[in-house]
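Numbering of the sequence shown is given in the numbering used here, commencing with residue 266 and proceeding in unit increments.
A short write-up of the structure that comes next.
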Amino acid sequence: MTQRAVMHIFDDILKATEAIERFVSHMNYNHFTHDEKTIRAVEREFEIIGEAVKKIPESVTKTYPEVPWRLMAGMRDRLIHHYWETESEIL
266 MTQRAVMHIF DDILKATEAI ERFVSHMNYN HFTHDEKTIR AVEREFEIIG EAVKKIPESV
326 TKTYPEVPWR LMAGMRDRLI HHYWETESEI L
């Protein structure tokens, strides 16, 4: 994978993170947990982050072992494959 392709992945992660911030920055916790549209939007952005993380080459992830790469990918898997167990509190 080229460095340019890796940068696109990180750009996707950054955009998804910024979107989550925009979606919830004006809300308190109680408002968020009762706003289904926002919960669904945040879930989607976490799915994007998790999928993007899975595409990052191992050579990059090993360089930054302090980043919880597996946890981020695992969140995506939980949202996709165990959606019925996902509660807004974990978002």
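A virtual CB, placed ideally from N, CA and C, is assigned to each residue, including glycine.
Cutting at 6 Å between CB atoms, please list the residues of its own chain near residue i, excluding the five before and the five after it.
i, result
"D277", "A317"
Excluding five sequence neighbours on each side, which residues of the same chain lie with their C-beta closer than 7 Å to the C-beta of residue i?
i, result
"I345", "E312"
"P322", "M266, V271"
"I274", "A317, K320, I321"
With DSSP run on the structure shown, which of helix, strand or coil describes residue i?
i, result
"H296", "helix"
"E331", "coil"
The alpha helix (DSSP H) that contains residue i, what's its start and end?
i, result
"T267", "Neither: T267 is in no alpha helix (DSSP H) and is coded neither H nor E."
Here's the rule: buried if 16 or more other CB atoms are within 10 angstroms of the residue's CB, otherwise exposed. What is residue i?
i, result
"R305", "exposed"
"M292", "exposed"
"V307", "buried"
"T328", "exposed"
Checklist entry - Is it a yes or a no for the stretch 304-322 touching the stretch 277-296, going by three-plus beta-carbon pairs under 8 Å? => result Judged by Cβ distances under 8 Å, the stretch 304-322 makes contact with the stretch 277-296, as three or more pairs qualify.
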